[in-house]
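Chains as they are written, first to last, in our numbering: chain A, 2 to 114; chain B, 5 to 114.
Everything below concerns the one structure shown next.
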């Protein structure tokens, strides 16, 4: 596999479910990101990890819980979501020292019922 | 803080038309500037970038020049194709932090 992969690509969940989104980067990067992309809204940065340490949390509700066990993997744990959380969740990675081009995965399309 | 303002869409053009999508930015220091493209059903991917004033980024017939005096990074293409239909995002990276514009949807009709 190359680049940034995300699983699952599609997810439907009820408001009481617990699920996790997975992201893996095969680029040797040291920073990873979660973004939320909703219809007709700007791209929203949710979390940033540099060298496995969380460096940014943009006032994201606690029902979203990130985990970065190593520099290649990033998870987003979901719990008791709301219908307005339905969106495309994008993962990205970059090499902090080299101009910060971000490489995005294809996203997970989430529908909360 | 940093900000990016790009031309509102949607933009609809006929094939072979000239494309301009305007982008201006506010940032301290000397940010790197980017255009990303998102095709339907996919994540964003880098289209081109420029890292210093007067640099021109180019790729797939698209060009953008880093203009520090006007704090702009407008995207241009001389002749668009149906396959260029996508959402285009202007972005900057300053002091290790990325800021994205709201995106401009381009539709090219045959």
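Glycine included, each C-beta is placed from N, C-alpha and C at the ideal position.
Predicted, not measured: the structure shown is a model, and the values here were computed from it.
For residue 38 of chain A: DSSP bridge partner residues: A:89
Does the distance from the CB of residue 100 of chain B to the CB of residue 32 of chain B come in under 8 Å? no
Exposed unless 16 or more other CB atoms sit within 10 angstroms - verdict on residue 20 of chain B: exposed
Could you check which residue in B:43, B:57, B:106 and B:65 has the C-alpha nearest to that of residue 26 of chain B? B:106
Tell me whether the beta-carbon of residue 50 of chain B lies closer than 8 Å to the beta-carbon of residue 66 of chain B. For residue 50 of chain B and residue 66 of chain B, no; Cβs fall outside 8 Å.
Where does residue 87 of chain B sit, in a helix, a strand or coil, going by DSSP? helix
For residue 17 of chain A, I'd like the list of residues in its chain whose CB is within less than 7 Å of its CB, leaving aside the five on either flank, ordered along the chain. 81
Does the Cβ of residue 93 of chain A have 16 or more other Cβ atoms within 10 Å, making it buried, or fewer, making it exposed? buried
For residue 34 of chain A versus residue 103 of chain A, is the C-beta spacing smaller than 8 Å? yes
Minimum Cβ-Cβ distance from residue 36 of chain B to chain A less than 8 Å: yes
Chain A contact residues for residue 58 of chain B, given Cβ-Cβ distances below 9 Å: In chain order: nothing, as chain A lies at least about 17 Å away.
I'd like to check one pair, residue 38 of chain B with residue 82 of chain B: are the Cβ atoms closer than 8 Å? no
In terms of alpha-carbon separation, which member of A:6, A:15, A:21 and A:14 lies closest to residue 28 of chain A? A:6
Min CB distance residue 53 of chain B to chain E below 8 Å: Absent from the structure is chain E; the protein chains it does hold are A and B.
Quick one: which chain B residues come within Cβ less than 7 Å of residue 108 of chain A? Under the 7 Å cutoff, chain B gives 47.
Do residue 22 of chain A and residue 76 of chain A have their C-beta atoms within less than 8 Å of each other? yes
Whether residue 34 of chain B touches residue 60 of chain B by CB criterion (8 Å): no
Burial state of residue 84 of chain B, where buried means 16 or more other Cβ atoms lie within 10 Å: buried
What in chain A is Cβ-close to residue 97 of chain B, meaning under 9 Å? Those are 95, 100, 101, 102 and 103, listed as they occur along chain A.
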